[in-house]
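Enquirer: The following block contains the structure, expressed as structure tokens.
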Amino acid sequence: MIVCHCTGKTDRHVNEAVESGARSSDEVTRQCRAGGVCGGCVPTIECLLRRALAAAAPAPSLAEAASS
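According to numbering that gives the first Met the number 0, the sequence shown is numbered sequentially starting from 0.
Following this line, the structure appears as structure tokens:
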């Protein structure tokens, strides 16, 4: 899916930036330029960033889940 129409960047570009260490929309912009022109796509970038980071987070152990 096209995320940034100004630069033609897709969700794959954003995900690759996250896999390369981006942890904020500014870091994604520095890595792939998405969000760096008009900024209209920054909310979408932030959503993709949250999803990618949540998917990469380790699942809680059974002991941690039981104590919650």
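C-beta atoms are modelled at their ideal positions from N, C-alpha and C, and glycine is treated no differently.
Note that the coordinates shown come from a computational prediction; the quantities given were computed from them, not determined experimentally.
#1: Let me know if Val27 comes out buried or exposed under the rule of 16 or more other beta-carbons within 10 Å of its beta-carbon.
#2: Below 8 Å between beta carbons: does that hold for Val17 and Ala33?
#3: Assign Thr28 to one of three DSSP states: helix, strand, or coil.
#4: So, for Lys8: in the same chain, excluding its five sequence neighbours on each side, which residues have a beta-carbon less than 6 Å away from its beta-carbon?
Expert: Looking at the coordinates:
#1: buried
#2: no
#3: helix
#4: Val2, Cys31, Ala33
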